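Novice: From first to last, the protein sequence lines are chains H and D. Using this note's numbering, the final residue of the first sequence is 125, and nothing's skipped along the way. Using this note's numbering, the final residue of the second sequence is 125, and nothing's skipped along the way. Each residue gets a CB set at the ideal place from its N, CA and C atoms; glycine is no exception. All values derive from a computational prediction rather than experimental measurement.
There are 2 protein chains.
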Amino acid sequence: MTSHPTANEVYDMVRKRLPRIGLGTVYRNLELMSESGIILKLEVGGTQKRFDATVESHYHIRCSVCGKVDDIDIEVQEEINETAAKSSNYKILGHHIEFSGICDDCQAEEQKLH
Amino acid sequence: MTSHPTANEVYDMVRKRLPRIGLGTVYRNLELMSESGIILKLEVGGTQKRFDATVESHYHIRCSVCGKVDDIDIEVQEEINETAAKSSNYKILGHHIEFSGICDDCQAEEQKLH
DNA sequence: ATAATGTATGATAATTTTTATTAAACTTTA
DNA sequence: TAAAGTTTAATAAAAATTATCATACATTAT
């Protein structure tokens, strides 16, 4: 899937097929899958972690109103890691860009109120 | 300060001066201060939120080993918001870059083991 | 087949982090 | 200096995640 569900949202989806599955099983398998590189665990803004079926490097945008997370399809900035390495004594491993904005659904909601 | 303490770390620091202060008071005031723009609330990777005394736009790096968060002093990419706006139907509000890496302390730790 | 061993599960408890509640202490205003 | 307003510490509650463990399920060996 292309959405970025939280563990609870995955639980709700999976339960439609496997009604007796436990939330712990969902957490455990999401963790195992992200450890083995099948999925990504996103530590984006908000209170919950989110999971991403696309493991190739890409960026995200998070709606400041509803918290929804979507992919942002812009070019990955490979060179920025070297730039960062020059002005830091960390060994740079990678980077992630998180945009914040208002999704079209929430923009429409806002319009309704005026 | 230039570090990026969690609420609990702030609590520990403040308690040295005000031993009877409560953790709730720390959370409440950090929240109020970030709402009014005196400080930043960082929603970076890891399980806890962190707070930043520097409110001017800048980027961060997080140590994958110990979780420490530092500033990365590279130029802020103003134009990237417009790039993102073109390939998204979100109304873009801003962005944040979080690098991941290994801090010098943890690099030194690693050396010790060899 | 079936017994023995290994692995994953659901149920539940425990932990961690943050937010909410509230009576009392402190401040400001009248 | 009394009344009203605000902030606090203490505590409870909520939200998210991780740990525990007996049992169910699957695999392998006999």
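In angstroms, rounded to a whole number, what distance separates the CA positions of His69(D) and Pro30(H)?
Specialist: Start at 1 with the first residue of the second sequence, and residue 69(D) comes out as number 58. Start at 1 with the first residue of the first sequence, and residue 30(H) comes out as number 19. Their Cα atoms are separated by approximately 46 Å.
Novice: Buried or exposed for His125(D), going by 16 or more other Cβ atoms inside 10 Å?
Specialist: Locating residue 125(D) in the second sequence gives position 114, counting from the first residue. So His125(D) ends up on the exposed side.
Novice: Is there contact here, the stretch 82-98 of chain D with the stretch 23-41 of chain D, by at least three beta-carbon pairs under 8 Å?
Specialist: No, the stretch 82-98 of chain D does not touch the stretch 23-41 of chain D.
Novice: Specify the secondary structure class of Glu86(D) as computed by DSSP and reduced to three states.
Specialist: Translated into the one-based positions of the second sequence, residue 86(D) becomes position 75. Three-state result, Glu86(D): coil.
Novice: Specify, as a first and last residue, the run of the beta strand (DSSP E) that Ile31(D) falls within.
Specialist: As a working mapping, residue 31(D) is identified with position 20 in the second sequence. Checking the sequence, you will find Arg at residue 31(D) rather than Ile. Taken as a continuous stretch (DSSP letters only), Arg31(D) belongs to no beta strand (DSSP E), as it is neither H nor E.
Novice: Put Tyr70(D) into one of helix, strand or coil per three-state DSSP.
Specialist: Against the second sequence, residue 70(D) aligns to sequence position 59. Note: Tyr70(D) maps to strand in three-state DSSP.
Novice: I'd like to know whether the C-beta of Glu54(H) is nearer than 8 Å to at least one C-beta of chain D.
Specialist: Within the first sequence, the letter at position 43 stands for residue 54(H). Yes - at least one Cβ of chain D is within 8 Å of the one on Glu54(H).
Novice: Tell me whether the stretch 94-102 of chain H and the stretch 20-28 of chain D touch, counting them as touching only if at least three CB pairs, one residue from each stretch, are closer than 8 Å.
Specialist: With the cut-off at 8 Å, the stretch 94-102 of chain H and the stretch 20-28 of chain D do not touch.
Novice: In terms of residue numbering, what span does the beta strand (DSSP E) encompassing Leu109(D) cover?
Specialist: Along the second sequence, read from residue 1 onward, the residue named residue 109(D) stands at position 98. It is Glu, not Leu, that sits at residue 109(D) in the sequence shown. Per DSSP, Glu109(D) belongs to the beta strand (DSSP E) from 102-113.
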